[in-house]
Each structure stands twice: as C-alpha cells, then as structure tokens.
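**Student:**
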Amino acid sequence: MMLEEGASSSNKGKIEEQKPSPKNMLLSALVVDDDPIIRKIHSVILKSLGFKVELAENGKEAVDLFCSGANFHIIFIDMEMPVMNGIEATKELRAMGVESKIVGVTSRNLEAEKEAFMLAGADACYTKPLTFDRIISLMEDLKKN
3 MMLEEGASSS NKGKIEEQKP SPKNMLLSAL VVDDDPIIRK IHSVILKSLG FKVELAENGK
63 EAVDLFCSGA NFHIIFIDME MPVMNGIEAT KELRAMGVES KIVGVTSRNL EAEKEAFMLA
123 GADACYTKPL TFDRIISLME DLKKN
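Note that this note's numbering has the sequence shown beginning at 3, numbered continuously upward.
Structure follows, in structure tokens:
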C-alpha cells in the first residue's frame, strides 16, 4: 500500500499536465422526454457517439438534476411533457444560470413551436427523432467552444 500511495503522489503533477483538452473530453448529455422510445433512440445515438447520457422523463426532473448539482454539456428537451413542459423547463434552467446548450425537440415541425423554444432560451430546436447527422453537427459545435 505504501508503494501505491507514493506512486500516486509522485505522479500527481503528471496527471494534472495530462488533463484532456475540451476538444477531446467526454461530452455529457441529458435527454428529457416522456416517451420511452424517443429516450431510447436518442440515448443509443448519443452513446454510440461517445456521450455520457442521463435520462429524465419531464422538465421538473431536469431542473431538479441541476438543482442537485448535475451539469451537462447539452440538453435535448421535448416540448410536450407532463409535470413541466420543455419550454417551462428551459426558462427555469436559464433563470438558474444554466449555460448548457439546450436543444428543444418537438414532434411537430411547426415554426411557432420552434420560435417558442428559442424565446424560452433554447439554442436550437429540431423535429424528433434526432438523426446521427444532426447530433454530430451539434457535437462538433460543442467541441469548437
């Protein structure tokens, strides 16, 4: 045991020097949707692209996660959900100072819904289910910043 402790303390400076750059870090995503099939589809795509994924079934669960100290690089949030919808949750998250990229997701391709999400503080809004190409594009944007 003494050897392991000594080894870890002598490597401490080296570990700090090898911190991953933002371009190489593991990205985290929160998928918020009341539909278990959509949660599964988006989760599988995100995990296949190397994201660490957490799931929530409504906007209140998403807000509660942030209140408890969780943080994510990107949030995919459905518009229509019970308890707290995506627009309400987006407004609440922004009011709390959450700076994560928020992507509104809707089952209808209506400009009014997309505009409502954007006015609430979302960074983007797309029709679901999201595709590999759409998520790759968002991932590239995250890695640039």
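Ideal Cβ placement from N, Cα and C applies to all residues, glycine included.
Please read all numbers here as calculations on a predicted model, not as lab measurements.
Count Cβ pairs between the stretch 132 to 143 and the stretch 109 to 119 that sit closer than 8 Å; are there 3 or more?
**Tutor:** These segments do not touch.
**Student:** Enumerate, from N- to C-terminal direction, the unbroken alpha helix (DSSP H) stretches of 4 or more residues contained entirely within the stretch 67 to 108.
**Tutor:** Runs of the alpha helix (DSSP H) inside the stretch 67 to 108: 88 to 97.
**Student:** Among Pro-131, Val-65, Arg-41 and Pro-84, which has the Cα closest to the Cα of Ser-102?
**Tutor:** For the residues Pro-131, Val-65, Arg-41 and Pro-84, the minimum Cα distance to Ser-102 belongs to Val-65.
**Student:** Along the chain, where does the alpha helix (DSSP H) that runs through Ala-124 open and close?
**Tutor:** Looking at the DSSP string, Ala-124 is not in any alpha helix (DSSP H), and its letter there is neither H nor E.
**Student:** Provide the residue(s) that pair with Lys-146 in DSSP beta bridges, ordered along the chain.
**Tutor:** The partner list for Lys-146 (beta bridge, DSSP) is empty, contrary to what the question assumes.
**Student:** Buried or exposed: Glu-115, going by 16 or more other Cβ atoms within 10 Å of its Cβ?
**Tutor:** Counting Cβ neighbours within 10 Å, Glu-115 comes out buried, since at least 16 surround it.
**Student:** Using three-state DSSP, classify Ser-12 as helix, strand or coil.
**Tutor:** Unreliable placement is indicated for Ser-12, whose pLDDT of 39 sits below 50; the coordinate value is still reported in the next sentence. The answer is helix: DSSP assigns Ser-12 an H, G or I state.
**Student:** Could you give the C-beta distance for Val-85 and Lys-62, rounded to a whole number, given that I count them as a contact under 8 Å?
**Tutor:** Indeed they touch by this definition, with Cβ atoms about 5 Å apart.
**Student:** Taking buried to mean at least 16 other C-beta atoms within 10 Å of its own C-beta, is Asp-143 buried or exposed?
**Tutor:** With fewer than 16 Cβ atoms within 10 Å of its Cβ, Asp-143 is classed as exposed.
**Student:** Mind checking whether Ser-30 and Phe-74 have CB atoms under 8 Å apart?
**Tutor:** Yes.
**Student:** Could you tell me whether the Cβ atoms of Asp-2 and Met-83 are closer together than 8 Å?
**Tutor:** With the chain covering 3 to 147 only, the question about residue 2 has no answer from this structure.
**Student:** Please work out which residues of its chain come closer than 7 Å, Cβ to Cβ, to Arg-96, disregarding the five sequence neighbours upstream and downstream, and give them in chain order.
**Tutor:** Excluding residues within five positions, the ones whose Cβ falls inside 7 Å are Gly-123.
**Student:** Just the C-alpha distance for Ile-40 and Val-100, rounded to the nearest angstrom, thanks.
**Tutor:** Near 24 Å, if we compare the C-alpha coordinates of Val-100 and Ile-40.
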